[in-house]
Each structure stands twice: as structure tokens, then as C-alpha cells.
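Written below as C-alpha cells is the structure these notes are about.
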Amino acid sequence: MSPSLKRVAEFIEANRIEVLTLSALDLGRAIGTSDATVVRAVQALGFDGLQDLRTELAASYSGRNAPADNLTRTWADVGESAEAAMDEVVASLADALAALREGPLRGVMLEALKVLHVAERIAVFGVGPTAHIAAYFAARLRRKGRRQLVLDQMGAALADQLLDLEAGDAVLMLAYGKSYREAEATIFEARRQQIPVVLVTDAPDEKTARAATVVLPVPRGRSGRVALHGPTVACLEMLLLGLATTGRETAITALGELERLRETTRTARRATRTDFDADEEE
21 MSPSLKRVAE FIEANRIEVL TLSALDLGRA IGTSDATVVR AVQALGFDGL QDLRTELAAS
81 YSGRNAPADN LTRTWADVGE SAEAAMDEVV ASLADALAAL REGPLRGVML EALKVLHVAE
141 RIAVFGVGPT AHIAAYFAAR LRRKGRRQLV LDQMGAALAD QLLDLEAGDA VLMLAYGKSY
201 REAEATIFEA RRQQIPVVLV TDAPDEKTAR AATVVLPVPR GRSGRVALHG PTVACLEMLL
261 LGLATTGRET AITALGELER LRETTRTARR ATRTDFDADE EE
């Protein structure tokens with residue numbers, strides 16, 4: 021291997037993440053050589069091309085599931101094409117939606133609805149990025165006339181929220197990956213108070229899942245690749261409409277009240293503007 025090719029090989033070994041994300045032209049600029057030299061070096065290493073090398077590098081991360089590792093593996097799959105990246109998302113969502121539509125998950129979904137339907141209040145658990153999805157679902161529950169509570173704090177702050185759990189509640193928990201202390205603390209407290217837990221997860225074999233009342237195994241995209249929250253939202257929308265269907269009178273009444281309150285705020289806003297205009301004229 022010539023000195024120029026060896027320099028490329030050494031850069032690849034020392035900068036694997038960059039190799040997964042940069043084009044041959046960008047790699048050449050970073051190394052101080054041409055893109056053609058980069059391609060020749062990759063071929064001298066025994067690969068058909070840069071994409072073949074990326075696939076091999078991504079495979080070296082197969083035992084890891086850190087977000088950065090998942091993202092680099094996804095980059096290796098799609099190469100440098102933004103269109104391929106978008107197609108990857110569509111394909112992953114299609115696989116997840118098929119799992120929601122067919123198979124044993126449908127029966128488990130009905131079991132989850134039974135638990136949530138009889139609850140006097142639904143406590144929605146989600147921390148980190150999932151907290152936003154938990155808040156969204158709680159807001160939708162409110163609009164359908166369901167009492168709800170959000171459990172979205174981490175560490176000691178979660179203890180204050182867990183104080184609000186009470187008999188008659190049901191917990192809808194969004195918890196993915198390996199078991200962590202907030203999920204374990206919440207499910208422990210729920211079990212202590214004999215509160216049922218419906219768990220939405222991509223890790224049905226984890227300790228948290230074994231302690232749940234009902235487990236909804238919802239994938240977050242393809243294994244070892246970047247996580248997608250679309251399947252989770254789809255699952256929650258199914259539960260929401262299912263709850264609204266089993267409690268139609270409550271849902272209609274709540275939506276009627278929502279429209280009444282919206283009209284009240286519109287009237288109040290018009291009145292405020294009129295008062296402001298009057299003050300301006302004085």
C-alpha cells in the first residue's frame with residue numbers, strides 16, 4: 021500500500037464515525053487527498069466501495085444500542101441520500117403499523133382498553149424525550165373527558181408526582197429499552213397501591229415488563245437503528261379512539277364543554293379589545 025493510501029487507511033481506523041457520515045469527497049478534504057485516492061484506499065482494504073466499508077463499520081457496533089450508535093448504523097444503511105433516509109423512515113413505520121394492525125398485539129390492545137376504561141383516572145408516565153408524548157396523550161384524554169395525571173419528572177422530582185397516585189387510577193407507562201429507576205419506582209408504587217399498569221415498550225423481556233399488568237410490545241423502528249416515535253403515537257391514538265368509543269357520552273360532553281369554553285375565550289378577547297380601543301380614544 022502506497023504512503024497516500026496508507027494515510028487514508030489510518031484516518032479510517034482513527035475516525036470511524038466520520039467515515040460513516042462523510043462522502044468520499046469530504047473524506048479526501050479532511051485527509052488532504054483526492055476522493056479518488058479515498059476510493060482506491062477503501063478498495064485496497066478489500067471493500068467494493070465506500071458503502072461496503074460503511075456497512076462493515078456499522079456491523080462492528082452490533083452489540084451496542086446507544087442513540088449515536090443506532091444513528092450511525094442508520095446512516096450506513098441509507099448512504100448519503102436524503103431520499104433513501106426518508107424511504108427508510110416510511111419502511112420502518114410500515115413494519116410497525118403492520119404489527120399494530122395484525123397478530124397477537126390486537127388482542128393485547130383490547131386487554132389494555134379494558135384496564136384503562138374502568139379507571140377513574142389515567143396516569144401517563146413518560147420521561148426524557150417520551151415526556152412530550154405523554155403530555156400529548158394526557159391532553160387528548162382531557163379533551164375526551166377523561167381525568168388524567170402526567171408522571172414526567174426524573175430523579176427525586178418524580179416522588180412528588182407519585183404522591184398523587186391513588187386507588188382507582190390506572191398507569192399507562194411509556195418505557196423503552198433497558199429498565200431504569202424512574203420506571204421501576206413508578207411500577208413499584210403502582211403495585212403497592214394495587215394500581216394496574218399498561219406498559220408500552222419495545223423491550224417486553226425487561227424487568228419492568230414482567231411487573232406490568234398488560235404489555236403492549238410496540239417497536240420503535242428497526243432493531244439497532246434510529247428510534248422512531250411514530251409507532252408509539254399510532255398506538256396511543258388507537259387507545260384514545262377505543263376509549264372514546266367505549267365512553268361516547270363522556271367524550272361528546274367533554275367536547276361540547278371544550279367548544280363552550282373556546283367561545284367564552286373568543287368573547288372575552290373581543291371584549292378586551294373593545295375596552296382597549298375605548299381607552300385609546302380617551
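Going by the numbering used here, the sequence shown opens with residue 21, and the numbers climb by one from there.
Built from N, CA and C at the ideal position, the CB exists for glycine as well.
query: Sufficient close CB pairs (3 or more, under 8 Å) joining the segment 161 to 173 to the segment 212 to 223; result: no
query: heavy atom of the ligand ZN below 6 Å from Glu-122 C-beta; result: The ligand ZN is absent from the structure shown, which contains no ligand whatsoever.
query: Leu-42 - DSSP class collapsed to helix/strand/coil; result: coil
query: Residue burial classification, Leu-183 (beta-carbon count within 10 angstroms, cutoff 16); result: exposed
query: Whether Asp-189 touches Ile-215 by CB criterion (7 Å); result: yes
query: Span of the beta strand (DSSP E) around Val-147; result: Taken as a continuous stretch (DSSP letters only), Val-147 belongs to no beta strand (DSSP E), as it is neither H nor E.
query: Rounded distance between the beta-carbons of Asp-172 and Val-135, thought under 8 Å; result: Not really, about 21 Å apart at Cβ, beyond 8 Å.
query: Nearest to Glu-186 (by Cα), restricted to the options Asp-225, Lys-227, Arg-141; result: Arg-141
query: Rounded straight-line distance, which links the Cα of Ala-231 to that of Ile-207; result: 7 Å
query: Distance CB(Leu-113)-CB(Thr-150) smaller than 7 Å; result: no
query: Rounded separation between Leu-263 and Leu-192 - CA only; result: 13 Å
query: Whole-angstrom distance between Ala-111 and Ala-229, CA atom to CA atom; result: 27 Å
query: Identity of the residue in Leu-125, Thr-265, His-249 nearest Pro-237 by Cα; result: Leu-125
query: Simplified DSSP state of Met-193, which is helix, strand or coil; result: strand
query: Bridge partners - Ile-215, DSSP secondary structure assignment; result: Partner(s): none; Ile-215 has no beta bridge.
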